Amino acid sequence: MLDEVLRRGVPRDRLLEELSRRPTRRGTARALRLLGVADDRTESAGESLTNLVVHDLGLPEPVLQHEFRVRGHLVARVDFWFPEQGVVIEFDGLAKYRDRTLRGARSAEDVVVDEKLREDSLRALPHVHGIGRVIWRDVLPGGAAPTAFARAGLPVPPAVRRTPSW
402 MLDEVLRRGV PRDRLLEELS RRPTRRGTAR ALRLLGVADD RTESAGESLT
452 NLVVHDLGLP EPVLQHEFRV RGHLVARVDF WFPEQGVVIE FDGLAKYRDR
502 TLRGARSAED VVVDEKLRED SLRALPHVHG IGRVIWRDVL PGGAAPTAFA
552 RAGLPVPPAV RRTPSW
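Using our numbering, you'd call the opening residue of the sequence shown number 402 and step up by one each time.
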């Protein structure tokens, strides 16, 4: 994905230059749109897709990988923070629950409990008013990401119930 290309240090201007050199214009408009949304702060393909859905829904621009601290101590680092609305959105790729190499010595149950405690710590912060979680099926076309975003407190247009197609 473009986010990964940017994260590896390829400048956005270089990608734009390469697009302008293409002998055909087919797909250029779509590539330009995606490049406009691409962000090297996303940490997974799921976060990249979630960011695209946020953009396509016309939601406010989030702060990516925001760290919440209390008295200098890290409470949590979140995927998407919408400070105006006080909303946190997390993309759950599920690998952290299922993949033993990611869990280390912890059981899947321990990971779930840790995640619940982390979320409780976030909810206890006075400026966090809502937390939403999405998984792959939510952010794919036809998924329920808009509903999850609205339930968390984001201003999703009422007529939008499903994740738009690209």
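Beta carbons are placed, not taken as given, at the ideal position from N, Cα and C, and that holds for glycine.
This one's a predicted model, so the numbers in the text were calculated from it and none came from an experiment.
For residue i and residue j, I'd like the C-alpha separation in whole angstroms.
i           : j           : result
residue 409 : residue 552 : 35 angstroms
residue 470 : residue 523 : 10 angstroms
residue 511 : residue 500 : 13 angstroms
residue 411 : residue 442 : 14 angstroms
residue 461 : residue 550 : 12 angstroms
residue 465 : residue 559 : 25 angstroms
residue 435 : residue 425 : 18 angstroms
residue 517 : residue 452 : 23 angstroms
residue 519 : residue 504 : 16 angstroms
residue 542 : residue 450 : 10 angstroms
Using the beta-carbon count (16 or more within 10 Å), is residue i buried or exposed?
i           : result
residue 448 : buried
residue 439 : buried
residue 514 : exposed
residue 484 : exposed
Among residues of its own chain, excluding the 5 on either side of residue i, which ones have a beta-carbon nearer than 7 angstroms to its beta-carbon?
i           : result
residue 495 : 536
residue 547 : 458, 557, 561, 562, 563, 564
residue 472 : none
residue 456 : 438
Do residue j and residue i have their beta-carbon atoms positioned less than 8 angstroms apart in this structure?
i           : j           : result
residue 554 : residue 487 : yes
residue 491 : residue 534 : yes
residue 406 : residue 417 : no
residue 482 : residue 476 : no
residue 479 : residue 540 : no
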